[in-house]
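Q: Protein chains in written order, with the numbering used here: chain D, 54 to 245; chain Z, 54 to 245.
There are 2 protein chains.
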Amino acid sequence: MAKTSKYNRQDIIHKATNLYWEKGFHGTSMRNLQDVIDMRPGSIYAAFGSKEGLFKEALQHYTQQALSNLAQLKLTAGSPLKGLKRFVEMAVIESKTCSPSGMCMLTKTISELTQDNATLVLVAKKSLNEIEQHFKNTLVEAQVAGEIHKNKDTTQLARNLQVHIMGLRCYASINNNPVIVQQMIDNQFATF
Amino acid sequence: MAKTSKYNRQDIIHKATNLYWEKGFHGTSMRNLQDVIDMRPGSIYAAFGSKEGLFKEALQHYTQQALSNLAQLKLTAGSPLKGLKRFVEMAVIESKTCSPSGMCMLTKTISELTQDNATLVLVAKKSLNEIEQHFKNTLVEAQVAGEIHKNKDTTQLARNLQVHIMGLRCYASINNNPVIVQQMIDNQFATF
DNA sequence: ACTAGATTTGAACGATCGTTCAATATAATA
DNA sequence: TATTATATTGAACGATCGTTCAAATCTAGT
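#1: Can you check whether the C-beta of Z:Lys161 is within less than 8 angstroms of a C-beta belonging to chain D?
#2: Which term fits D:Gly80, buried or exposed, when burial requires 16 or more other beta carbons within 10 angstroms of its beta carbon?
#3: Please identify the residue among D:Ser164, D:Thr172, D:Ala100 whose C-alpha is closest to the C-alpha of D:Arg40.
#4: Against chain D, does Z:Thr167 count as a neighbour if the rule is that its beta carbon must be under 8 angstroms from one of theirs?
#5: Are the region 115-133 of chain Z and the region 209-228 of chain Z touching by the rule of at least three beta carbon pairs closer than 8 angstroms?
#6: Mind pulling the chain Z residues with CB within less than 9 angstroms of D:Met158?
#7: Select from the region 204-235 of chain D all residues with a C-beta closer than 8 angstroms to any C-beta belonging to chain Z, and list them in chain order.
#8: Give the C-beta separation of Z:Met156 and Z:Arg222 to the nearest angstrom, bearing in mind that I take them to be a contact with Cβ-Cβ under 8 angstroms.
#9: Could you say which of Z:Val234, Z:Asn228, Z:Tyr98, Z:Glu185 lies nearest to Z:Thr116 if we only look at CA atoms?
#10: Identify every run of the alpha helix (DSSP H) within the region 178-236 of chain D, keeping only runs that are complete inside it and at least 4 residues long; order them along the chain.
#11: Determine the closest residue to Z:Arg93 out of Z:Thr162, Z:Lys59, Z:Gly77, with distance taken between C-alpha atoms.
#12: Within 10 angstroms of the Cβ of Z:Val232, are there 16 or more other Cβ atoms? Answer buried if so, exposed if not.
#13: By how many angstroms is the C-alpha of Z:Met158 removed from the C-alpha of Z:Ser152?
#14: Quick check: Z:Tyr224 and D:Met237, are their CB atoms within less than 8 angstroms of each other?
#15: Can D:Lys161 and D:Gly77 be called in contact, C-beta distance under 8 angstroms?
#16: Could you give the C-beta distance for Z:Glu165 and D:Glu165, rounded to a whole number, given that I count them as a contact under 8 angstroms?
#17: Assuming D:Val234 and D:Ile146 are in contact, meaning their beta carbons sit under 8 angstroms apart, how far apart are those beta carbons, in whole angstroms?
#18: Does D:Tyr60 come out as helix, strand or coil in the three-state DSSP assignment?
#19: Determine the burial state of D:Asn229: buried for a count of at least 16 other Cβ atoms within 10 Å of its Cβ, exposed for fewer.
#20: To be precise: take each residue of the region 178-195 of chain D, compare its Cβ to all Cβ atoms of chain Z, and keep it if any distance is under 8 angstroms. Which residues remain?
#21: With distances taken between CB atoms, is the gap from D:Ala111 to D:Ala144 smaller than 8 angstroms?
#22: Along the alpha helix (DSSP H) that carries Z:Phe133, what are the first and last residues, could you check?
#23: D:Ile227 and Z:Asn182 - do their beta-carbons sit closer together than 8 angstroms?
#24: Taking Cβ to Cβ, would you say Z:Ala55 is nearer than 8 angstroms to Z:Pro133?
#25: When we look at the beta-carbon of Z:Leu128 and count the other beta-carbons within 10 Å, is it buried (16 or more) or exposed?
#26: Got a sec? Which residues, its chain only, sit under 7 angstroms from Z:Val141 by beta carbon, not counting five neighbours each side?
#27: State yes or no: is the C-beta of D:Lys59 nearer than 7 angstroms to some heavy atom of the ligand NAD?
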């Protein structure tokens, strides 16, 4: 009947995510995207509708990637709490060298955009709440495993951790001293 | 000899700062600026050189305003530490309703821009370090005044505070619950 | 092999971008 | 008051923006 698509949708979204992550929404032009994902305007618009539509999918891809990383690290690091700590270390320290940006793409989005792109802001906020919920679930697991005192409020700990990660990723962008940042992470996890 | 300028430079910069603060560097067009500061392109370029030049002055104005606020609050709040706490409360809680953006303009800038605007990124980073230094000076004063234990490392406290503010302002953009945020500020200052 | 239907292409659209500059207006000096 | 130096204006520039769509291309089913 018809022609089949030559593009791997997930691969396209992944490449778009990295470009958007690096340059931001307004800093990325459709022509930048055309080059990076090697598609012509017509194909991009047929597949994603608009610059905003593709960005939305990028935000969702970014979130799933982060949650997937956390789940993976929980399995490989030896315990829920160790996995969570590795996740934070990777986000704050290693992201500086191995990622398009040291900053979190979700907070970058919330920071950059206004109500002119209300949908994107909302998606980013929801994703951050979702991630915080996964932090909490992990902390509960750690509590069950005896890594955290029974009487600690895991909801509050998850919130503290979210705030701390946001602050640290921002701070690490300014004064990139891995030793100091590592100490601050250690101190944060010592409060658990 | 010549005509005198009809514009109040400080007033112009103040208005430009608020617009840039709200919409970001890429999100603000020169035509947006023309409307807000009521100047024609030629005058703007004669006075500030470029969009980037005006933004640079805006960053510096923003920083001086912040430092001025801190100095003022130290005098009016009753003590150095109380002034510092009021400064944080205003930045994190009240900024949401009384400012162009709940986020810090300096961190927004660092988050948004890349090395394509290296000068602006550098100015923002230097400003944040300058502010952190003023936090430290304030904490030393608080230590002398007996508000903080003698054996605390004020450099480290200032750094923690900076990280905490960055995290909280970001967090407050997502889940604007003033009670929770106030509690986190209280907890942070309880560690001093 | 042919056809039908989906995909891909890329030139082109109008809008807007940051910026320039010749023309005009104005105030301080002589 | 005439002169002169500076300030202001706003039309216009080339570049780039996000987006569209008719034409070309390709593949699965007949």
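A virtual CB, placed ideally from N, CA and C, is assigned to each residue, including glycine. Nothing here was measured: the structure is a model prediction, and the numbers come from that model.
A: Let's see:
#1: yes
#2: buried
#3: Nothing about residue 40 of chain D can be read from this structure; chain D reaches only from 54 to 245.
#4: yes
#5: no
#6: Ordered by position in chain Z, no residue passes the 9 angstroms Cβ test against D:Met158, which lies about 10 angstroms from the chain.
#7: Arg212, Asn213, Gln215, Val216, His217, Ile218, Met219, Gly220, Leu221, Cys223, Tyr224, Ser226, Ile227, Asn228, Ile233
#8: 6 angstroms
#9: Z:Glu185
#10: 207-227
#11: Z:Lys59
#12: exposed
#13: 10 angstroms
#14: no
#15: yes
#16: 5 angstroms
#17: 6 angstroms
#18: coil
#19: exposed
#20: Lys178, Leu181, Asn182
#21: no
#22: For the sequence presented, residue 133 of chain Z should be read as Pro rather than Phe. It spans 133-142 - the alpha helix (DSSP H) in which Z:Pro133 sits, taken as one unbroken run.
#23: yes
#24: no
#25: exposed
#26: Ile218, Ile238
#27: The ligand NAD is absent from the structure shown, which contains no ligands of any kind.
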